[in-house]
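In my numbering, the protein residues as written are 10 to 921. Working notes for the structure below.
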């Protein structure tokens with residue numbers, strides 16, 4: 010039986026080739042995700058170890074383990090003296106400053122100012138120091154920056170160095186002056202050198218932009234000085250790096266230093282309450298500060314965890330799309346085996362007549378699947394490695410990967426690829442193989458035997474039952490308010506799968522009427538070829554449904570994403586039309602990822618301009634954001650701050666209770682606006698005091714003064730800017746809104762605003778219409794990315810249609826010969842096959858789009874109303890998807906139609 014199995018595969022190489030190719034594509038995509046993410050993980054683990062290896066100890070402000078580390082406050086510079094003088098065993102100390110969103114500005118080829126942007130990598134501003142093994146920046150050309158005077162003096166031009174990659178990629182020239190945008194504003198600096206990060210021989214910045222300043226300059230320009238009015242100011246550092254003397258026990262030094270710093274924080278708190286109220290406000294973020302001393306292993310692990318979060322997200326996304334491709338392949342494999350075994354019934358019956366048991370025949374079929382799976386999995390691994398090398402080049406080009414080279418090949422990758430490739434092939438063949446058991450030896454005597462199909466009545470009962478269960482699960486996930494996010498999404502996904510399973514079982518019942526409906530216009534235009542195409546698509550309903558299922562999956566997912574995206578657009582559009590009074594929006598542009606922050610100097614300048622030009626500008630307000638910036642009952646919340654006294658003039662957030670601009674009550678540290686959903690969930694009411702922690706450590710009691718319904722633009726938790734300035738002073742503006750005066754000349758008002766924003770080329774100034782178009786463009790870009798990833802499953806679906814038509818042409822060879830004999834031309838034969846493919850593809854497209862709309866509406870309804878409040882179906886996109894389905898059918902039919910038209914008439918008539 011083994012030799013017979015090998016002979017069967019070799020005799021039907023072409024029939025199984027497309028099936029194997031579908032598995033190859035699925036396994037290739039799967040293995041590519043493993044190869045790429047393993048390579049990224051190895052590179053970032055090596056980088057993390059390299060970062061931590063140079064420092065024995067690090068002094069910094071502590072944040073809770075689960076807090077976002079970007080809200081960590083700097084440490085007072087007095088600690089540097091303690092570290093330098095009061096602990097024995099310390100060899101070298103280096104104060105370290107690191108600020109985010111520091112963007113050098115250059116003149117591009119069009120002669121316009123342009124800010125340096127990256128593909129998600131950070132843009133740092135740091136201080137330069139030379140401290141033995143603690144040194145991080147190594148000058149390649151030029152020299153290191155030095156102090157040139159107080160940078161706040163407009164006549165002073167400071168100095169900076171730039172990492173070599175940013176300098177070379179953007180045409181920076183040593184000796185020229187450039188504007189640099191930082192948290193404290195824009196300032197002109199002279200470029201005096203270029204540098205490598207972490208190595209004298211190569212730059213290991215992996216796509217980041219690093220602007221390097223002299224330490225005192227960095228403290229001022231990167232906003233690391235805390236002004237105290239008549240009391241001067243307190244300088245700070247983000248971290249203090251320590252090298253311990255050789256032979257000294259590092260944990261001993263760590264414990265001694267920690268004890269000293271604990272005493273410092275206690276003394277700092279005592280001194281705090283002796284200061285006047287204004288100075289206390291400036292230092293509020295430090296009242297609960299906890300200084301910690303950590304070793305290099307801790308730093309390495311934290312960096313690995315941070316990098317791992319990004320890699321895990323990328324890995325999960327790639328794996329999800331790979332699994333979809335494998336599932337689509339499974340439908341094709343199942344359909345192919347059903348068709349091929351149906352064509353081999355006489356052969357298999359002869360085997361039974363010659364003494365083979367039904368078990369041996371089934372084992373032979375499954376063995377075929379195993380061998381095809383092994384071959385396809387091996388090819389898929391090779392193809393996946395090649396794709397991963399291309400992906401590595403792409404990631405390196407945008408600064409997110411290491412130097413090109415070999416990729417790690419883990420045993421896990423090989424095992425998973427083999428299990429998925431072989432397993433999906435075998436599992437998909439089990440159904441057709443089991444139907445082989447029913448073949449009796451007498452079948453060999455029939456002229457046109459075939460496998461016994463599943464009863465349509467059984468399919469009807471099973472399909473309706475499963476589909477009803479799926480719909481009930483979908484409705485439960487939408488309307489069950491008590492469900493948390495994870496169970497709700499799980500129930501939604503399970504409901505979608507059950508609904509698809511039910512529709513798949515029911516689809517053969519609907520195949521014939523839908524095929525007749527789709528084929529009517531084709532029949533009217535193309536006469537006999539159109540009629541035969543319609544009848545061929547409808548006479549084998551199970552085959553047509555199974556062939557279309559692969560396309561149905563891909564289009565269902567694309568359509569679902571389109572519905573969610575269109576609903577988001579509709580929500581934002583309605584908000585802009587009905588709730589927004591502001592005329593201009595200002596935010597960062599150009600960087601991949603969420604908007605980056607910028608200096609509050611801009612809002613200050615625009616407010617001064619409004620005072621000087623009241624006939625043009627009424628007001629400007631700024632918005633700040635802190636991801637996981639606040640905890641409520643130990644639960645991290647994203648929080649937004651703005652100028653609450655002016656908010657109602659710029660937007661209507663549909664206040665249900667209370668007031669937006671209420672005064673801070675006595676005994677409260679600030680006011681809080683709350684969306685109605687968390688207010689209901691937590692049983693909060695107007696006047697309640699909520700105990701929160703900013704940055705996980707800075708305690709405050711906020712009074713709820715307003716509960717609102719529209720959270721589309723502000724989210725669920727909103728405080729006043731004054732609260733952020735006290736508790737999260739390092740947070741930058743990320744958005745501005747500008748309101749024109751009632752009778753303002755809009756062109757003049759816009760011109761006035763742009764005179765200030767010209768200094769910030771990284772910012773976009775947009776009207777309501779432009780802002781809507783910008784948001785819609787971003788959503789369209791996400792949808793295109795999803796479609797590209799799903800493109801592999803759609804390609805596999807096209808292969809499935811091609812495979813089915815090719816097998817059908819082989820099966821109908823005699824019929825085609827007779828049609829040619831009675832006068833059908835080759836062109837008419839091609840038309841018949843082509844339009845049959847179009848009907849099959851449109852059938853799959855209709856089912857896919859219909860289910861995609863259903864799933865999209867369900868997903869949209871399940872999403873929090875603070876994100877999506879409107880339901881919208883993208884009719885234009887739906888029509889496009891159906892048109893694309895027809896095109897897929899035409900493409901899939903090219904080879905089968907050509908082969909059918911080239912059959913020799915006499916050979917075809919005599920075919921058996």
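Here a beta-carbon is modelled for each residue, glycine too, at the ideal position from N, C-alpha and C. Computed from a predicted structure; not experimentally measured.
| Check | Outcome |
| --- | --- |
| Starting from the Cα of residue 313, find the closest Cα among 721, 49, 379 and give me that residue. | 49 |
| Going by DSSP, what residues sit across from residue 873 in a beta bridge? | BP columns for residue 873 are empty, so no partner. |
| For the ligand GTP, is there any heavy atom lying closer than 7 Å to the beta carbon of residue 112? | Ligands are entirely absent from the displayed structure, and the ligand GTP is therefore not among its contents. |
| Using a Cβ distance threshold of 8 Å, determine whether the stretch 721-733 contacts the stretch 640-650, with at least three qualifying pairs required. | yes |
| Taking the alpha carbon of residue 830 as the reference point, which residue from 916, 857, 905, 843 has its own alpha carbon closest? | 916 |
| How many angstroms separate the CA atom of residue 780 from the CA atom of residue 661? | 17 Å |
| What residue does the beta strand (DSSP E) around residue 113 start on, and which one ends it? | 112-116 |
| Taking just the CA atoms, how far does residue 467 sit from residue 481? | 21 Å |
| Could you spell out where the alpha helix (DSSP H) holding residue 343 opens and where it closes? | 305-352 |
| What ranges does the beta strand (DSSP E) occupy inside the stretch 55-136, keeping only unbroken runs of at least 3 residues that lie completely in it? | 66-70, 99-105, 112-116, 122-124, 132-136 |
| Do residue 36 and residue 399 count as a contact pair if the criterion is CB distance below 8 Å? | no |
| Would the stretch 879-895 count as touching the stretch 520-532 if we require 3 or more Cβ pairs under 8 Å? | no |
| In chain order, which continuous runs of the alpha helix (DSSP H) of length 4 or greater are located wholly inside the stretch 796-880? | 822-830, 835-871 |
| Touching or not, the stretch 873-880 and the stretch 574-581, by the rule of three or more beta carbon pairs under 8 Å? | yes |
| To which residues of the same chain is residue 624 closer than 8 Å at the C-beta, ignoring the five residues directly before and after it? | 750, 752, 753 |
| Where does the unbroken beta strand (DSSP E) through residue 595 begin, and where does it stop? | 593-597 |
| Compute the beta-carbon to beta-carbon distance between residue 784 and residue 562, rounded to the nearest angstrom, for a pair I have assumed lies under 8 Å. | In fact, because the Cβ distance is near 29 Å, the residues do not count as touching under 8 Å. |
| Using three-state DSSP, classify residue 418 as helix, strand or coil. | coil |
| Residue 733 lies in the alpha helix (DSSP H); which residues open and close that run? | 730-736 |
| Starting from residue 195, follow its DSSP beta bridges and name the residues at the other end. | 190 |
| Give a yes or no on contact between the stretch 52-66 and the stretch 352-372, applying the rule of three or more CB pairs nearer than 8 Å. | no |
| Does residue 634 come out as helix, strand or coil in the three-state DSSP assignment? | strand |
| Got a sec, what are the start and stop residues for the beta strand (DSSP E) residue 707 sits in? | 707-717 |
| Assess, as a yes-or-no matter, whether the stretch 89-104 is touched by the stretch 253-261 under the definition of 3 or more beta carbon pairs within less than 8 Å. | yes |
| Leaving out five residues before and five after residue 609 in sequence, what residues of the same chain have Cβ atoms less than 6 Å from its Cβ? | 742 |
| Does the separation of the CB atoms of residue 250 and residue 143 fall below 8 Å? | yes |
| What residue ranges within the stretch 486-545 form continuous alpha helix (DSSP H) runs of no fewer than 4 residues, ordered along the chain? | 494-535 |
| To which residues of the same chain is residue 160 closer than 8 Å at the C-beta, ignoring the five residues directly before and after it? | 167, 196, 226, 229, 230 |
| Please report how far the alpha carbon of residue 116 lies from the alpha carbon of residue 629, in whole angstroms. | 29 Å |
| Given residue 477, which residues of its chain have a CB within under 8 Å of its CB, disregarding the five upstream and five downstream residues? | 511 |
| Report the residue ranges of all beta strand (DSSP E) runs contained in full by the stretch 663-707; include only those spanning at least 3 residues, in chain order. | 664-667, 679-684, 698-703 |
| Determine the closest residue to residue 516 out of 58, 63, 856, with distance taken between C-alpha atoms. | 856 |
| On a Cα-Cα basis, can you pick out the residue from 744, 757, 809, 707 that is closest to residue 738? | 707 |
| Taking contact to mean at least 3 C-beta pairs separated by less than 8 Å, is the stretch 430-446 in contact with the stretch 332-352? | yes |
| Helix, strand or coil: how does DSSP classify residue 740 here? | coil |
| Please state whether DSSP places residue 257 in a helix, a strand or coil. | coil |
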